[in-house]
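Residue numbers (our numbering): 1 to 265.
Every residue, glycine too, gets a C-beta built ideally from N, C-alpha and C.
None of these values were measured; they are calculated from a predicted model.
First comes the structure, then the notes that go with it.
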Amino acid sequence: MPELPDVEHLRRTWARDTAGRTIRRTVVTDPGILRGDVTPDVLDAALRGRRLEEPDRIGKWLLARTDGPTVILHFGMDGGLRWAESPDGRHRHDRVIFVTDAGEMRFRNMRKLGGLWLAHDEGALATVLAQVGPDALALEPREVAARLRTRRGQVKSALMDQALLSGVGNLIADEILWQARLHPKRRLEELTDQGLLDLARVTRSVLREAVNRYDYLSRKRSWLNHVRGRPGAACPRCGTPLERTVAAGRTTWFCPACQPAPPAA
DNA sequence: TCAGTTGTTTATAT
DNA sequence: AATATAAACAACTG
C-alpha cells in the first residue's frame with residue numbers, strides 16, 4: 001500500500017493512537033527488519049520510558065518522534081501499523097511492537113522491504129534521510145516544475161525519483177500521468193515550461209485529493225486507479241482499452257488514446 | 001509451477 | 001555525469 005497518501009494515513013493513525021502515551025518496552029520479533037546499527041536491546045533501551053510526540057512524514061518515511069530519539073519507519077511495499085489495546089492477536093508479520101502504558105502499536109511488514117531505523121538526534125536523522133528529497137506535497141507546483149526542469153529522460157522516472165521529489169510511487173505516478181495526459185515515456189526535455197507546470201499542478205491535486213480522502217485513491221471511479229491493472233480495463237475518460245508497458249522498471253498502465261506515445265527515436 | 005506485487009539499493013550498461 | 005535496465009531483497013497471492 002504505502003505511497004505518500006498511505007503513509008500520511010499511517011502518520012495520522014500513529015498520532016491519534018499514541019498521543020500522550022509512554023513507551024513501556026519494545027518487542028522485536030524479527031531483527032531482520034532493523035536497519036543501520038540498531039539492535040533489539042539498543043532500541044528497547046533507547047525508547048523505554050519515552051513519551052511519544054507528534055510524528056512527522058517526509059515522502060514515504062514516517063518519523064515517529066519521542067521526547068528522546070526518533071524512530072524512522074519505511075513501509076516498503078506492504079508494511080503498515082496496527083494499534084491494539086492488548087497483546088492479543090499479534091500477527092506473524094508484526095516485526096516490531098511498541099508497548100505503551102495503554103495499548104501497543106505494531107509495525108507490520110510482510111516482505112521486509114523498508115524497515116526501522118533509530119536516530120538519537122537530528123544529525124543522525126539527517127544522515128538516514130540524506131538521499132530523500134523534499135516532500136512532494138510540501139512543495140508549490142512552481143517548485144516541483146523547477147525540479148523537473150533539471151532533469152532529462154522519461155517523465156515517469158523523474159516523478160518517482162525520491163531524491164528529486166519524495167512520495168510519488170508507481171500507482172500514483174500512473175494516475176498523475178494519466179490525468180495530465182502525458183505518456184509515461186515522454187521526455188522531460190520535450191515539455192514546455194507550461195507543460196511542466198501543468199504536470200506539477202496535477203501532481204499536487206492528485207496527492208491532495210488522495211490524502212484528503214484519507215485512505216488512498218482507489219475508490220474514485222473517474223480515476224485511472226479505479227480500473228488500473230484489471231485485464232481488459234477501459235480508460236475511465238474515453239473507454240479505450242488501457243495498455244501495459246514497463247517504464248522506470250515498473251509495470252505501467254496508460255491510455256493509448258489520451259496519452260499518445262512520444263515520437264519514435 | 002509460475003508470474004506478479006504499491007519500494008529501494010546496487011550493479012551494470014549506455 | 002546522467003540516465004536506463006535488471007536483479008536482489010522476501011513473502012505472499014492467484
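Distance between residue j and residue i (C-alpha atoms, nearest Å)
i      : j      : result
Asp193 : Ala210 : 26 Å
Leu182 : Gly123 : 40 Å
Glu243 : Ala261 : 11 Å
Pro55  : Ala126 : 16 Å
Arg151 : Val7   : 26 Å
Arg48  : Gly68  : 10 Å
Trp61  : Cys255 : 31 Å
Ala138 : Leu197 : 16 Å
Val206 : Phe107 : 27 Å
Leu4   : Val42  : 29 Å
Thr39  : Pro31  : 7 Å
His74  : Leu129 : 11 Å
Arg186 : Leu165 : 18 Å
Arg51  : Arg25  : 12 Å
Leu133 : Ala163 : The sequence as given places Gly at residue 133; Leu does not occur at that position. Between Gly133 and Ala163, the C-alpha separation is close to 4 Å.
Ala268 : Arg92  : Residue 268 falls outside the range modelled here, since the chain spans only 1 to 265, and no answer is possible.
Ala64  : Ala233 : 39 Å
Asp37  : His120 : 12 Å
Arg111 : Thr240 : 35 Å
Leu81  : Gly195 : 38 Å
Arg250 : Asn225 : 15 Å
Asp44  : Arg57  : 23 Å
Gln259 : Asp101 : 53 Å
Ala84  : His9   : 17 Å
Ile72  : Glu140 : 26 Å
Arg35  : Arg204 : 31 Å
Cys238 : Leu159 : 25 Å
Pro184 : Ala247 : 7 Å
Gly167 : Asp161 : 9 Å
Asn170 : Asp78  : 13 Å
Arg142 : Leu188 : 15 Å
Cys235 : Ile176 : 14 Å
Asp17  : Trp223 : 31 Å
Gly89  : Val28  : 16 Å
Trp117 : Ala136 : 22 Å
Thr252 : Arg230 : 12 Å
Ile33  : Glu190 : 42 Å
Thr22  : Asn109 : 23 Å
Ala200 : Ala19  : 35 Å
Pro263 : Ala257 : 14 Å
Ala46  : Glu104 : 17 Å
Delimiting residues of the alpha helix (DSSP H) encompassing residue i
i      : result
Asp198 : 193-212
Leu148 : 141-149
Ala11  : In the sequence as presented, Ala is not what sits at residue 11; that position holds Arg. Counting along the chain, the alpha helix (DSSP H) containing Arg11 begins and ends at 4-18.
Val155 : 155-159
Thr29  : No alpha helix (DSSP H) contains Thr29, which DSSP labels as neither H nor E.
Glu122 : 122-128
Beta strand (DSSP E) segment containing residue i, residue limits
i      : result
Thr39  : Neither: Thr39 is in no beta strand (DSSP E) and is coded neither H nor E.
Thr252 : 250-254
Asp78  : Element bounds for Asp78: n/a, residue is neither H nor E.
His74  : 70-74
Leu113 : Run containing Leu113: none; DSSP gives neither H nor E here.
Glu243 : 243-247
Paired residues, beta bridge with residue i - DSSP
i      : result
Arg103 : In the sequence as displayed, the identity of residue 103 is Gly instead of Arg. The partner list for Gly103 (beta bridge, DSSP) reads Thr100.
Ser166 : Asp135
Asp56  : Leu63
Asp174 : For Asp174, which the question treats as bridged, DSSP gives no partner whatsoever.
Trp223 : Trp223 is not bridged to any residue.
Ala46  : Per DSSP, none; premise fails for Ala46.
Thr22  : Arg51
Asp94  : Arg108
Residue i beta carbon near the ligand GTP (any heavy atom closer than 7 Å)
i     : result
Gly76 : For the ligand GTP, the structure offers nothing, since it holds no ligand at all.
Three Cβ pairs or more, each shorter than 8 Å: is that satisfied between the segment 140-153 and the segment 97-104? Touching, no.
State whether the segment 174-189 contacts the segment 147-161, with contact taken as three or more CB pairs (one from each stretch) at a distance under 8 Å. At 8 Å Cβ cutoff, the stretches touch.
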